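Visitor: When you line the sequence shown up against mature numbering (1 follows the signal peptide of the UniProt record, and there is no 0), it's residues -24 to -1, 1 to 290, in that order. Glycine is no exception: its CB is placed at the ideal position from the N, C-alpha and C atoms. Given the structure is predicted, the values throughout are model-derived calculations rather than measurements. This is the structure I want to talk about, given as structure tokens.
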Amino acid sequence: MRIRTVRLAAPAFAGLLVAATACGGSSSASNTGTPGGRLKVVATTTQVADFARNIGGDKVEVTQILKPNVDPHDYEPSPADVQAIAQADVVIESGVGLEKWLDQTIDSAGFHGTRVDSSKGVTIRKGNGTDEEAAGDPHIWHNPKNAEIMSGNIASAFSVKDAKDKATFDANLKTYDGKLDQLDSWIAQQIDTVPADQRKLVTNHDAFGYYVDRYHLTFVGSIIPSFDTSAELSGKQLSTLVAKIKSTGVKAIFSESSLPPKTAEAIGKQAGVKVEAGEDSLYGDTLGPAGSAGATYLDMERHNTTTIVNALKG
């Protein structure tokens, strides 16, 4: 079996950029373009958009590029995305090479505002040496301590861009950091209820390394053995994974909300283990839509932890 995603050709991408910038224009460095003088913020991923809303509150207007349950690894920007960036005061990225499309989009949009790499200061897990993974593991948000660093970077950028509201950003950051600390302690307590020899994880792709490291789980393997969901995999790799699942006594395989569960279900059938899919899928690369179990970052990590703990104990 081979899984592969299709990317749009460069000329098609360029055409989108031309169409969008023709009706967009350069970004202003001021924050007076929105009602009440709010900062116009563009956030790439669902996670950093959530952080931005928590830190900025009513002082910012956040445009979120990636929609819930959309895989960020192979995203193609739309004309609306380019226009939003052209008009933004601040653009926030998750970083670590996740948004491969962003440099070209920013250049074409004529963006002159503040670009925030929220990963700055995070200790990055190494890749496997391939060109695609040279930057390291981009799934940094799955450690709440990294989420604190990301939120701090966002708050600092907001305070520089809008100094008059610095006290508000600082207060919001302090409140949110408290929630992240509580989340971190709660996750650790929940994982501790699972017998040590049962803390073994098999997922759709290598998205949970920071979570595994933080909470001392054992990563057995993934269906797509890569940080990038567009990577190819072979039948031999899948057979090897089935053998590892059987030999290590893994309790469950965890599908992800932004990926189809068919391959995971096929492997689960071969290995004779349960597959957590559907509403019990993990939120790996993206938050879920409003009203879902993964609607916010805090919700996502609670849902993931509850799903993992229940399955591994079962």
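Would you call the segment 219 to 234 in contact with the segment 251 to 266, where contact means no fewer than 3 C-beta pairs closer than 8 Å?
Guide: Touching, per the Cβ criterion.
Visitor: Pairs of beta-carbons, one from the segment 89 to 104 and one from the segment 147 to 167, closer than 8 Å: are there three or more?
Guide: They do not touch, by the three-pair rule.
Visitor: How many angstroms separate the CA atom of residue 121 from the CA atom of residue 153?
Guide: Start at 1 with the first residue of the sequence shown, and residue 121 comes out as number 145. Start at 1 with the first residue of the sequence shown, and residue 153 comes out as number 177. Straight-line Cα distance between these residues: approximately 9 Å.
Visitor: Starting from the N-terminal side, write out each stretch of the beta strand (DSSP E) that is 3 residues or longer and does not extend beyond the segment 54 to 92.
Guide: Here the runs fully enclosed are 66 to 69.
Visitor: Considering only the beta carbon of each residue, do residue 70 and residue 23 sit closer than 8 Å?
Guide: One-based indexing of the sequence shown puts residue 70 at position 94. One-based indexing of the sequence shown puts residue 23 at position 47. If you check the CB distance, residue 70 and residue 23 come in under 8 Å.
Visitor: Give a yes or no on whether the C-beta atoms belonging to residue 85 and residue 58 are separated by under 8 Å.
Guide: Position 109 of the sequence shown, counting from 1, holds the residue named residue 85. Position 82 of the sequence shown, counting from 1, holds the residue named residue 58. Cβ distance < 8 Å, so residue 85 and residue 58 count as in contact.
Visitor: Check for me: the alpha helix (DSSP H) holding residue 286 runs from which residue to which?
Guide: Stepping through the sequence shown from its first residue, residue 286 is reached at position 310. 273 to 289 is the span of the alpha helix (DSSP H), which, as asked, contains residue 286.
Visitor: Here's a check: name, in chain order, each residue in its chain whose Cβ is nearer than 6 Å to the Cβ of residue 179, leaving out the five neighbours to either side.
Guide: Taking the first residue of the sequence shown as position 1, residue 179 is located at position 203. Closer than 6 Å at Cβ, skipping near neighbours: 198 and 230.
Visitor: Apply the 10 Å Cβ neighbour rule to residue 257 and answer buried if 16 or more other Cβ atoms are within range, or exposed otherwise.
Guide: Taking the first residue of the sequence shown as 1, we reach residue 257 at position 281. Label assigned to residue 257: buried.
Visitor: Could you spell out the range, first to last residue, of the alpha helix (DSSP H) harbouring residue 148?
Guide: Residue 148 sits at position 172 when you count from the first residue of the sequence shown. 142 to 167 is the extent of the alpha helix (DSSP H) around residue 148.
Visitor: If you compare alpha carbons, which of 35, 272 and 38 is closest to residue 156?
Guide: If you number the sequence shown from 1, residue 156 lands on position 180. Answer by Cα proximity: 272.
Visitor: Mind checking whether residue 262 and residue 45 have CB atoms under 8 Å apart?
Guide: Mapped onto the sequence shown, residue 262 falls at position 286. Mapped onto the sequence shown, residue 45 falls at position 69. The Cβ atoms of residue 262 and residue 45 sit closer than 8 Å to each other.
Visitor: When burial is assigned at 16 or more other CB atoms within 10 Å of the CB, is residue 287 buried or exposed?
Guide: Start at 1 with the first residue of the sequence shown, and residue 287 comes out as number 311. Counting Cβ neighbours within 10 Å, residue 287 comes out buried, since at least 16 surround it.
Visitor: Using the three-state DSSP reduction, which class does residue 31 fall into: helix, strand or coil?
Guide: As a position in the sequence shown, residue 31 is number 55, starting the count at 1. Residue 31: helix per DSSP, three-state reduction.
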